[in-house]
Every structure is written in structure tokens, then in C-alpha cells.
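Asker: Let me give you the structure first, and then I'll get to my questions.
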Amino acid sequence: MSKRSDELHIKLSKIVGADRVRTDKMERLLHNHDLAPLPPLMEMGFKMMPDAVVRPKSAEEVSRIIGLAVREGVPLVPRGGASWGYGGAMPCEGGIVLDMTSMNEIVRMDVDNLEIEVEAGATWQKVIDEAEKAGLFIGYYPSSKPAATIAGWIATGGIGVGTYKYGSVKNNLRNMEVVLPEGQIINTGFDYVSDHSAAYNLNDLFTGTEGTLGIVTKVTLKAVPAPEVVKPISIMYPTLIELYPMMHAITRKRIQPLHIAFVDEHHSRYLKAMGKHTPGDGAILNVVLEGDKVSVEHEESVIAELITEHGGTRLSDEDAQHEWEENPYEFRVREVGVSAALAEVVVPMTEFTDTIEDLYTLIKSMKMEASVIGMLGDRNTVLLMPYYLYVEKKLVKSMASLSFGNKVGNLSMEHKGRPLGFGLFFAMNLKKIRRDGAPVMYDIKTVLDPYDIMNPGKMFEGMTRYGMPMPGAMMGMGMAMMALGKKVLPKDKGFTKAVKDHDPERGHHGGGEEKAPAPKEKA
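Have a look at this one:
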């Protein structure tokens, strides 16, 4: 243990108690990455090992920890469920990781005012379950809801389940309690009423900041009355390209599904190879309706007419329900022991077909075992989440996992879209994506975080462990070289081999013998 770790352990213990401070090597190793394992070479450029991990239980404790960090000149990295994969919740300059998962209580379940006040470290699954018990419905959440925390998804400001109908998380915030980088505790909005006024909307300001402007400690979320019916519908097509006309047609009708998502034919085949229950080898369009019985029946009849017009095989209600229940486990292919590098980009609906074709060309050129899944954010915004399967122990292919995300991001921008997040790995994209708005963001960051201690190196290009800035051009060039190197390697077979070695009895999500697929219904 380093001298700095020893000193921080003593000083942090005076704030929260010794039982909520950890500086042992194992604990720090558990907090030096997020969802995706990192290539060992990243350690050469960044100090990813934190000096200490602390678990606060109140905004006041967070404020005092920030005061300590300012005095000591130590970076702070807020961390929730770490279910993201861009390096947003990991250190790059060492420092203190604020593990917010101890702040996980439901503060207030307000049925009369249709809102829920919750601490930042609670998972979305917990909030959804507690809302359901009270007769309320949270219709928007990240697809990683079992692990993702309330503030974690706010920090990434992403698209998720239910965004098509209810909007993103920022559209459903009443208020947040935020601790600023100089220790002030503020409220960003209002409980009970919407923040529609002439003043700056602070809810929006602190959404999507990736923890660079402050620490969210409490949130008040909007809810709606629980629906009478939730009806999933699944339609299969031979390929993702052939699925597009039906998906496009739904968005041009005056119906409002809760959720519209898809998986390609490669994803289905991977699951089948693992022995998982899947309705077939094709691409699947999943549409989820919710509301009162009459409105759901009407929307279902519209979709049935579109299936008749655009073809496709409507799957049984049992299969559709299975697809809906498995939604939070979209990367279950990892169960066989491979890693999955995920990219997240958005493109216009009108660019969908061309983007998919270019994605498959990229995957083929890089000789990858990969798939494309995704969902709709609104009637013209498609979220694509291509993932690449690789064996972490193989260094070059592990490094290629970063270049894959970079390539996919560049491809999305060629199709009038953009990558969804920045984190450590894609901070170089901020100027490219936000263009003349980027300097304004730098100014906001400088004013609110004058000591640059709040999650440094994320969103804004940071410093290497040698005290030198990491220019975006250098990072981009490095990733391009990794991608080029990947193209000359033999074709990936890591997943195929892992499947042969996999014991299905040890699977995490319904392993072992799977039931036979239910009969399909022809529309």
C-alpha cells in the first residue's frame, strides 16, 4: 500500500468511519475498471488504480470528502454500478473512488403526486419494483437496470427502455440534490412541479455530465399510474436489413409503443449456439405496448395490419414474453467466458440500412465475431449497440476492442449520427461532435470545478500518468493503428471455441436444458 493510500485511509476514516474506507489492493483492483476489462497497455498511459475507495452515506459526507480532495489535490471518481463500458467510472489519475452504492434508499414514495424520491446509488430495478408495489410505473430505464444506478444513468444521459414513449431520463427529472466541486449542496429543480421557467434548467445541466460537474446524491423522479396491460410483440425476419421496413412503418403510425428494439440474426445464432432458448436464427423486432386494455388492443391491431403489409413471422405470445423478460440480459453471450466490447451510437432512421451495411463491412474487414442490437430513441433516432466478442487474455485482440468502438463512432458520424458517450476512451470526440459548443462546455467545467478534481479525463481530454496531456489526435491515431493491426490477424474464433468448452449447467440466465421454442404464429 502506498503512502498516499495510508494517508487517505486515515483522513477519510475521520469523515465516514474506518469500515467504509478501503485501501487494500483487491478492493482497489475491483474499482480500476468498469464493465469492460481493460487492455494491460492502458496502464502505461494512465494511473487506473485508485488510491482509496470510500462509501459515503449522505450528501454532507460527500461534501466533506470533496473538501478533503481539494485540500490534498486528489481526483474524485464517482461510481455506481459501473455497467457502462467507456471508462467513465474508473480513475485515470488515481485518487479517490466514491462508491455511491451505499446510498441506495427509497426516500419517499409519493403516490398522490406521482413521484419517487430516491438516493443516487439505488438500482433502477429496485426503484421499478418498489414503484410497482405502490401502483406506480417507471416507464423509462437503462437496459442494464439490474445493475445500473439512478445517478449512473443520469450521468450518461443515455437512451434506454421506454425512451420511445416517455423520453430520456432528463425528461423525467423533477429535482436532484447535487454536491458541487467546492462542497456546496444544491437542489437543481423542484419537487412536486415541473421546472418550466425562464431561468437556466439545472436538471439538464447536470444530466449527461459523466460526473465531471458534481456528485448527484438524491433524485426525484416522475412516475405514472401503473398500466392495465403490458403486451410484448415479437416479429422475426431473416436479416436485420429485411426488418427495417416494418420498424420504419411503425414509427410513421400514430401509435406510441413503450419500447421498440431489435437484435440481428447473428445475435440469435450466438444464443442458439450456447443452448439458450431463441425462437429461431433470424433477426427479431420486439415491440412492447402498455396502457389501458382498449388502447393496447388498438395499437396491436395496427401492428398486425403492418405485419400483413410488410411480412415477417409473428412469434407466439410466449416467445414475445421471453424476449421481453430477457431484455436486461442482452449480452448473455458473455456467459461462455468471452468479453464483449460494446459501442453505442445513434443515427437517423433514414440512415439505418446504409449504416448496418457499413457496420457489417467493418466487422468482416476486422475478422470479428460480432453482432448488432439496438432500440429506438424516438421516431427518427435509432440507437445501435454493436458488440464484438473477444478473448481478454489475447493482448492484440483486447486492444482492438477499443479501436472497434472508435471505428463505429466514426462510422456513425459519416451517417449524420454520433457516438452516445465519451468517458476516458472517447473524450477526443467532444470537439468533433459539439464543434463550436465545446469551448462553452470547457468554460462551464472550469467555473464549476476550478481545481479539476471531479472525474478528470472524462469527456474532456485529460492527462497521462506522466503529467502530459493526451491529445485526441494521438488517441485516434493509436486506435486506427490497432484496427489496422487487427485486420491482418487470423479470423476470430474465440466465441466458437468458448461455446464448445462451456458447461451450460453453470449459465447465469437460464442455463441447462432449454424448453423447446413455442410454435410460431403466422400473421
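Take 34 as the starting number for the sequence shown in our numbering and just add one per residue.
All C-beta atoms in this analysis are idealised placements derived from N, C-alpha and C, irrespective of residue type, glycine included.
The model shown is predicted, which means the values in this text are computed figures rather than measured ones.
#1: In whole angstroms, give me the CA-to-CA distance for Gln217 and Glu298.
#2: Quick check on the burial criterion: 16 or more other C-beta atoms within 10 angstroms. Buried or exposed for Gly545?
#3: Could you please give the first and the last residue of the uninterrupted alpha helix (DSSP H) stretch that includes Asn236?
#4: So, are the CB atoms of Gly490 and Glu243 less than 8 Å apart?
#5: Taking only the alpha-carbon atoms, compute the straight-line gap between Ser328 and Leu254 and give it to the nearest angstrom.
#6: Hey, quick one: how far does the beta strand (DSSP E) through Tyr277 stretch, first residue to last?
#7: Please return the same chain residues whose Cβ sits closer than 8 Å to the Cβ of Ser35, not counting the five positions on each side in sequence.
#8: Closest to Pro265 by C-alpha separation, out of Gly324, Ile248, Ile219, would be which residue?
#9: So what does DSSP say about Arg61, is it helix, strand or coil?
#10: If you run the structure through DSSP and keep just helix, strand and coil, what is Ser177?
#11: Among His292, Arg61, Asp39, Val151, whose alpha-carbon lies nearest the alpha-carbon of Asp224?
#12: For Glu359, name the three-state secondary structure that DSSP assigns.
#13: How many Å lie between Val532 and Leu109 at the Cα?
#14: Would the beta-carbon of Lys47 fall within 8 Å of that of Val140?
#15: Report the rounded CA-to-CA distance for Ile187 versus Thr394, giving the unit in angstroms.
#16: Using 8 Å for Cβ pairs, my map puts His343 next to Ala282. What's the rounded Cβ distance?
#17: Rounded to whole angstroms, what is the Cα-Cα separation between Pro552 and Thr346?
#18: Counting only the same chain and skipping the five closest in sequence on each side, list residues whose C-beta sits under 7 Å from that of Tyr277.
#19: What does a CB cutoff of less than 6 Å around Thr240 pick up in its chain, not counting 5 residues either side in sequence?
#20: Measuring CB to CB, does Gly154 end up less than 8 Å from Met133?
#21: Taking C-alpha atoms, which residue in Arg104, Ser91, His66, Ser96 lies nearest to Gly114?
#22: For Asp534, does the count of other Cβ atoms within 10 angstroms reach 16, so buried, or fall short, so exposed?
#23: Relative to the C-alpha of Leu444, which candidate in Val257, Pro381, Met59 has its C-alpha closest?
Answerer: In short, the structure shows the following:
#1: For this step, residue 217 is matched to residue 184 along the sequence shown. For this step, residue 298 is matched to residue 265 along the sequence shown. Distance between the alpha carbons of Gln217 and Glu298: 51 Å.
#2: Against the sequence shown, residue 545 aligns to sequence position 512. A caution first: Gly545 carries a pLDDT of 36, below 50, which makes its placement in the model unreliable, though a value can still be read off. The residue in question, Gly545, is exposed, as its Cβ has fewer than 16 Cβ neighbours within 10 Å.
#3: Here residue 236 refers to the residue found at position 203 of the sequence shown. Annotation: the continuous alpha helix (DSSP H) that includes Asn236 extends over 235-238.
#4: The count along the sequence shown starts at 1 and reaches residue 490 at position 457. The count along the sequence shown starts at 1 and reaches residue 243 at position 210. It is not a contact, given that the beta carbons lie outside the stated cut-off.
#5: In the sequence shown, residue 328 corresponds to position 295, counting from 1. In the sequence shown, residue 254 corresponds to position 221, counting from 1. Looking at the two C-alpha atoms, the distance is approximately 25 Å.
#6: As a first step, residue 277 must be located in the sequence shown, where it is residue number 244. No beta strand (DSSP E) contains Tyr277, which is instead part of the alpha helix (DSSP H) from 273-284.
#7: On the sequence shown, position 2 is the one that residue 35 refers to. Here the set comprises Asp84.
#8: Position 232 of the sequence shown, counting from 1, holds the residue named residue 265. Out of Gly324, Ile248, Ile219, Gly324 has the C-alpha closest to the C-alpha of Pro265.
#9: Stepping through the sequence shown from its first residue, residue 61 is reached at position 28. Arg61 sits in a helix when the DSSP states are folded into three classes.
#10: Looking up residue 177 in the sequence shown gives position 144. Of the three classes helix, strand and coil, the one that applies to Ser177 here is coil, per DSSP.
#11: Residue numbering aside, residue 224 sits at position 191 when the sequence shown is read from its first letter. Looking at the Cα atoms, Val151 is the closest of the given residues.
#12: For the purposes of this step, residue 359 is taken as residue 326 along the sequence shown, with counting starting at 1. Coil, per DSSP.
#13: Counting from 1 along the sequence shown, the entry for residue 532 is found at position 499. Counting from 1 along the sequence shown, the entry for residue 109 is found at position 76. For Val532 and Leu109, the gap between their C-alpha atoms comes out near 40 Å.
#14: Stepping through the sequence shown from its first residue, residue 47 is reached at position 14. Stepping through the sequence shown from its first residue, residue 140 is reached at position 107. Result no, Cβ atoms of Lys47 and Val140 do not sit closer than 8 Å.
#15: In the sequence shown, residue 187 corresponds to position 154, counting from 1. In the sequence shown, residue 394 corresponds to position 361, counting from 1. Distance between Ile187 and Thr394, taken at the CA atoms: about 34 Å.
#16: Sequence index remark: in the sequence shown, residue 343 carries index 310 (1-based). Sequence index remark: in the sequence shown, residue 282 carries index 249 (1-based). Cβ-Cβ separation between His343 and Ala282: approximately 6 Å, consistent with a contact (criterion under 8 Å).
#17: Indexing the sequence shown from 1 puts residue 552 at position 519. Indexing the sequence shown from 1 puts residue 346 at position 313. With a pLDDT of 35 at Pro552, under the threshold of 50, the modelled position of this residue cannot be trusted, and the question is left open.
#18: Reading the sequence shown from its first residue, position 244 is the one you call residue 277. Here the set comprises Phe385, Thr386.
#19: Position 207 of the sequence shown, counting from 1, holds the residue named residue 240. Ile187, Gly190, Lys203.
#20: Numbered from its first residue, the sequence shown carries residue 154 at position 121. Numbered from its first residue, the sequence shown carries residue 133 at position 100. It is a contact, given that the beta carbons lie within the stated cut-off.
#21: Start at 1 with the first residue of the sequence shown, and residue 114 comes out as number 81. For the options Arg104, Ser91, His66, Ser96, the alpha carbon positioned closest to that of Gly114 is the one of His66.
#22: Your numbering for residue 534 matches position 501 in the sequence shown. It counts as exposed.
#23: Numbered from its first residue, the sequence shown carries residue 444 at position 411. Answer by Cα proximity: Pro381.
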